[in-house]
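Trainee:
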Amino acid sequence: TPSSQNTSQSRRILMAARELGMRPKVHSDEIKPLGGTEMAAELGAVSADHLMETSETGIQALAESGTVAVLLPATTFCLMGDKYASAREMIGAGVAVALASDFNPGSCPVNSLQIVMGIACRQLKLTPAEIINAATINAAHALGRADQVGSLETGKEADLVIFDAPNYQYLMYRFGTNLVDTVVKSGQVVVGEG
7 TPSSQNTSQS RRILMAAREL GMRPKVHSDE IKPLGGTEMA AELGAVSADH LMETSETGIQ
67 ALAESGTVAV LLPATTFCLM GDKYASAREM IGAGVAVALA SDFNPGSCPV NSLQIVMGIA
127 CRQLKLTPAE IINAATINAA HALGRADQVG SLETGKEADL VIFDAPNYQY LMYRFGTNLV
187 DTVVKSGQVV VGEG
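Residue numbers (my numbering): 7 to 200.
1) Where does Val195 sit, in a helix, a strand or coil, going by DSSP?
2) Can you tell which of Glu199, Ser157, Val101, Gly182 has its C-alpha closest to the C-alpha of Glu62?
3) To the nearest angstrom, how far is it from the Cα of Ser16 to the Cα of Ile37?
4) On the CB-based measure, 16 or more other CB atoms within 10 Å of its CB, does Lys191 come out buried or exposed?
5) Secondary structure at Ala164, three-state DSSP: helix, strand or coil?
6) Determine whether the beta carbon atoms of Leu40 and Leu77 lie at a separation below 8 angstroms.
7) Could you tell me which of Ala140, Glu70, Asn110, Pro115 sits nearest to Ala93, measuring between CA atoms?
8) Going by C-alpha to C-alpha distance, which of Pro172, Gly156, Thr160 sits closest to Leu166?
9) Report buried or exposed for Ala80, applying the criterion of at least 16 other Cβ atoms within 10 angstroms of its Cβ.
10) Following the continuous beta strand (DSSP E) through Val76, name the residue where it begins and the one where it ends.
11) Taking Ala69 and Ala99 to be in contact with their CB atoms under 8 angstroms, please state how far apart those CB atoms are, rounded to whole angstroms.
12) Find out if the Cβ-Cβ distance for the pair Gln120, Asn184 is shorter than 8 angstroms.
13) Compare the beta carbon distance of Ala148 and Ser71 with 8 angstroms and say whether it is the shorter of the two.
14) How many angstroms separate the CA atom of Ile137 from the CA atom of Ala67?
15) Relative to the C-alpha of Thr3, which residue among Phe181, Val196, Lys162 is closest?
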């Protein structure tokens, strides 16, 4: 990632990956603005992740390239940071924003997407509707799988989660509670009774 090695090394690695037919995912501009976001957009990365220190130029590059911005607000929360990604500016510029946990033992021991969604509502100032979009179809785009998953459409895998909640906004309100009632994977109930 550009944050842990210099950008010329990262560029060579990403270009080699592209030559092998891969679309890279880049963790960038987490601690310092090193230009990784701009490079991710330039090289056609499927996503650029973290982005707490992304510049306005980086945001514009994401918008122009179609690279998905994957925001990881639980990392900032766990590190007790005060600089969250500029989600409102990204959305305003037309960037597709996705959410993820960044679950790892060092900087983010959060593995609950509901907690990530609650933090995104409070700290990134995303609306509940934007959060649902970011956690579903935009997340699928960030994985290069939006043609298969991420929304309920004919021809896509029947993957869905049913929550014990009166409405979708409730997920962000009660983000500390596991509200999952039923999980369906490829049309089969795998958690709950359906």
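Using N, Cα and C, we set each Cβ at its ideal position, and we do this for glycine too.
Mentor: Inspection of the coordinates gives the following:
1) strand
2) Val101
3) 16 angstroms
4) exposed
5) coil
6) no
7) Ala140
8) Gly156
9) buried
10) 74-77
11) 4 angstroms
12) yes
13) no
14) 22 angstroms
15) Given that the chain is displayed from residue 7 to residue 200, the structure contains no residue 3 and the question cannot be resolved.
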